[in-house]
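Sequence lines, in order, name chains S and A. Positions 1 to 255 (my numbering) are the ones given, in order, by the first sequence. Positions 1 to 255 (my numbering) are the ones given, in order, by the second sequence.
There are 2 protein chains.
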Amino acid sequence: MVARYELIADDLREGILSGAHPVGSQLPSEAELAERYGAARGTVRQAVAVLVAEGLVGSRQGARRIVLGAARSQSFAELHSFAQWARAGGHRFGGQVVGQRRRPASAAESARLGGEEVLEVLRLRTLEGEPVLVERTVYAGWVAPAVEALPADCESVTEALYEAVGLVFAYGEHLIDAVAAGAQDARLLGVRRGSPLLRQRRVTTTHEGRPVESSDDRYRAGSVAFSIRNSIGANPLVRQALDLRSAAGEHMFDS
Amino acid sequence: MVARYELIADDLREGILSGAHPVGSQLPSEAELAERYGAARGTVRQAVAVLVAEGLVGSRQGARRIVLGAARSQSFAELHSFAQWARAGGHRFGGQVVGQRRRPASAAESARLGGEEVLEVLRLRTLEGEPVLVERTVYAGWVAPAVEALPADCESVTEALYEAVGLVFAYGEHLIDAVAAGAQDARLLGVRRGSPLLRQRRVTTTHEGRPVESSDDRYRAGSVAFSIRNSIGANPLVRQALDLRSAAGEHMFDS
DNA sequence: TAGTGGTCTAGACCACTGT
DNA sequence: CAGTGGTCTAGACCACTAT
């Protein structure tokens, strides 16, 4: 069942991408759209809200909405899963488990993931044949058996876990910064020690809010960037100071 | 005029932060909230949607909403403006213009900002007394006079421009990656050449979609991170491949 | 099967923009 | 001032979850 407002949003989005609503132009009024699509104003508003959330359209009270850009937006899955992101972008990609072991959870990991044992996995991923990403993932004990059952060259862990045990990654918290490559990073990525890496740390949970994994992913500089569009009044990405000196991290990420 | 749904959202948010609705617990049903606040269900839904967008609350059809976290979310202004962000976080901060000059726009800048002349400004910003950020900003010609009129140690350019000429930064597009410090970066930030920096490139526009500035901001590693919470079905931050080899950048950022 | 969130309608009033 | 988007209501039906 696809919602009416989704269909309208799709149609408007296509109009933007195809140039029927060029960047900088005004969108038709809500009343006009409601008539065109034979829908109530509320439904049209819901459709337009989707485009606003995607950053394609800007909105202010009293004035017509304007088209801000024509870049397509990606899904949660594409942010969460390297494989799904790379596939959607038409990239050649691969992955390989480099090391994997069960070990007792540290105090912080236990608080973050629950349980007393975790599974630690080190993966190297390639894009267009080049190594670009080192993933150090710590899985909660309860998913460890399912993860261990995966092949070492599993393309998409996210998809495989869904198919194997119906596990859905639903929520994520991400922290993005830059770090110098360590010895292991450097060896795996083929860069010099100390060279810049883009780091994405994250904790992912199920629909119920149950933590599944915590990961430290490091991209070779120049291979990948994060992109965001925002507007006054709607903006989920935030800066965070990293406490240069004062009392240490109460933050969830401390590895 | 503060909207009803904002007040309800504020109240619910405070309940989450104060522990009345602890992380992992269920939120009251929409019907219950509607009765409690004496509002229609639609209004309550709008309030809860705010919390969902902030990542504080998770939502799925058929089940009660659950509380995901208690971190406060920040505003567009706080992402856009170093001063407003630092002030909201209670940090000590400062800034200083290091260099500034008008020059002809490159072809890319002309396409991005409009006009044939731009104003280029190099600023160094400090956090807790330490230099942490080098800002290289290119302003569109039409705002150049207003920017040049600012004092060299202006704390908040965003606020000053609003007060001086009523300019509002309304929309932004950001690209986040890691780079090695160049000679100038290294000298200004007090780090070694080649050490990792977190880079945020952005283009900002007015309400009308008119481009105002394009900037390349570089943070010393370990000083600042970007943070995001997301969920299946709502997610504005995306990865972007940086084209290791194939034909060069059609992307808007190419400086 | 009852409860809950998701979708949709029809209409009202208000705040703001543009002319 | 007319037009437009923002807020709010009251009620209906549907899809999904939990028991």
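Note that the Cβ used here is the ideal one computed from N, Cα and C, for glycine as well. On a predicted model such as this, the values are computed, not experimentally measured, just so you know.
Is the Cβ-Cβ distance between residue i and residue j less than 7 Å?
i	j	result
S:Leu124	S:Val98	yes
A:Leu68	A:Ile16	no
S:Tyr139	S:Leu161	no
S:His91	S:Phe169	no
A:Val121	A:Ala146	no
A:Gly141	A:Glu159	no
S:Ile66	S:Tyr37	no
S:Thr137	S:Gly94	no
A:Val183	A:Val191	Here residue 183 of chain A turns out to be Ala, not Val, going by the sequence shown. It is not a contact, given that the beta carbons lie outside the stated cut-off.
A:Val50	A:Leu33	no
S:Val52	S:Val143	no
S:Pro104	S:Leu189	no
A:Ser215	A:Arg202	yes
A:His207	S:Arg60	yes
A:Asp217	A:Glu135	yes
S:Gly62	A:Gly209	no
S:Arg13	S:Glu30	no
A:Tyr171	S:Gly115	no
Kindly indicate if chain S contains any beta-carbon less than 7 Å away from that of residue i.
i	result
A:Arg229	yes
A:Ile176	yes
A:Gly19	no
Identify the contact partners of residue i in chain S, using a Cβ-Cβ distance below 7 Å as the criterion.
i	result
A:Gly190	Residues of chain S passing the Cβ test: none, with the nearest at roughly 12 Å.
A:Ala47	Those within 7 Å of A:Ala47 in chain S number zero; the least Cβ separation is about 15 Å.
A:Ala9	In chain order: nothing, as chain S lies at least about 13 Å away.
A:Ala164	What A:Ala164 touches in chain S: nothing, since even the nearest Cβ is about 19 Å away.
Does the beta carbon of residue i come closer than 7 Å to any beta carbon on chain A?
i	result
S:Ala221	yes
S:Arg60	yes
S:Pro196	yes
S:Gly24	yes
S:Ala225	yes
Let me know the secondary structure DSSP gives residue i once reduced to three states.
i	result
A:Arg210	coil
S:Ser227	strand
A:Gln61	coil
A:Val132	strand
A:Val50	helix
S:Ser110	helix
A:Phe169	coil
A:Gly256	The structure shown does not extend to residue 256 of chain A, since chain A is modelled only from 1 through 255, so no value can be given for it.
S:Arg192	coil
A:Pro282	An answer regarding residue 282 of chain A cannot be provided, because it is not within the stretch 1 to 255 covered by chain A.
S:Pro257	Residue 257 of chain S lies beyond the stretch modelled for chain S, which goes from 1 to 255, so this question has no answer here.
S:Glu117	strand
A:His80	helix
A:Gly38	coil
A:Val153	Here residue 153 of chain A turns out to be Asp, not Val, going by the sequence shown. Correct three-state label for A:Asp153: coil.
A:Gly15	helix
S:Ala20	coil
A:Arg201	strand
Interface residues of chain A around residue i at Cβ under 7 Å?
i	result
S:Val179	Pro196 and Ala221
Could you work out which residues of chain A lie near residue i, taking near to mean beta carbons separated by less than 9 Å?
i	result
S:Ile66	His207, Glu208 and Gly209
S:Glu173	Gly55, Leu68, Gly69, Ala71, Ser227, Ile228, Arg229 and Asn230
How would you list, in chain order, the residues of chain S whose beta-carbon sits under 9 Å from the beta-carbon of residue i?
i	result
A:Ala108	Result: empty, since nearest Cβ-Cβ is about 16 Å, beyond 9 Å.
A:Ala111	In chain order: nothing, as chain S lies at least about 12 Å away.
Using a Cβ-based criterion (distance less than 6 Å to any ligand heavy atom), does residue i qualify as near the ligand HEM?
i	result
S:Ala86	Among the components of this structure there are no ligands whatsoever, and the ligand HEM is therefore not found.
Give the interface partners of residue i over in chain S, defined as CB-CB distance under 8 Å, in chain order.
i	result
A:Ala83	Going along chain S, no residue has its Cβ under 8 Å from A:Ala83, so there is no contact; the nearest lies around 12 Å.
### Query
How about the segment 172-187 of chain A and the segment 218-229 of chain S: do they share at least three Cβ pairs that are nearer than 8 Å?
yes
### Query
Quick one: any contact between the segment 190-200 of chain A and the segment 196-207 of chain S, if contact means 3 or more CB pairs under 8 Å?
With the cut-off at 8 Å, the segment 190-200 of chain A and the segment 196-207 of chain S touch.
### Query
Taking one C-beta from the segment 85-92 of chain A and one from the segment 100-119 of chain A each time, how about it: are there three or more such pairs within less than 8 Å?
no
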